[in-house]
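Take a look at the structure below.
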Amino acid sequence: MTVKHLTKAATVYEIAACVREYGYVVIDELVPVELMDRIEAELQPYFDTTQFGHLSELGFKTQRTGSLIARSPAVHELILQETYLGAIKALLSHAMTVQLTVTEEASWAPGAEAQLLHQDEKL
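Heads up, the sequence shown is in the numbering used here, so the first residue is 46 and it goes up one at a time.
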């Protein structure tokens, strides 16, 4: 599977079109590395204590850490980034407001079952 990438110079409409066509997009270097480093530093204590999944649906070798906004001020900066937020608003232009309901990080340990890029319907 070829992963669709856009540059950070892409317009919000190009990003939205890519998401509509492929279901996702990777925007290279959208935010500074320093922001991502801050997010990692703020969330690492939570990642370190997250248990592996206890149900087959969650993956026995998968760790899922939630509530990222509540745990990391830097995540606020990420989700309010102008291009990201603009693309969301372009995708949901029919909506009066936009609401983010889930922020989660998932990681897979060695030996975990491989997964294709997919949307979690139950989140």
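Where is the CB? At the ideal position from N, CA and C, for every residue including glycine.
- Annotation note: the stretch 67-103 contains the following uninterrupted beta strand (DSSP E) runs of length 3 or greater, listed N- to C-terminal: 71-73.
- Beyond the five residues adjoining it in sequence on each side, Q96 comes within less than 8 Å, by CB distance, of Q108 in the same chain, given in chain order.
- Under a 10 Å Cβ-count criterion, V71 is classified as exposed, with fewer than 16 other Cβ atoms of the shown protein chains found around its own Cβ.
- K53 sits close to D73, with the two beta carbons spaced by under 8 Å.
- Spatial neighbours of I124 in its own chain (CB-CB distance under 8 Å, excluding positions within 5 residues in sequence) are listed in chain order as I114, L130, L145 and T148.
- Assignment of H50 by DSSP, reduced to helix, strand and coil, places it in the strand class.
- In the same chain as E122, and ignoring 5 residues on each side of it, the C-beta atoms closer than 7 Å to its own belong to L80, in chain order.
- When the five nearest sequence neighbours on each side are left out, the beta carbons in the same chain lying within less than 6 Å of the beta carbon of F92 are those of T110, in order along the chain.
- Taking each of R116, A159, H50 and K134 in turn and checking the Cα distance to F105, the smallest one comes out for A159.
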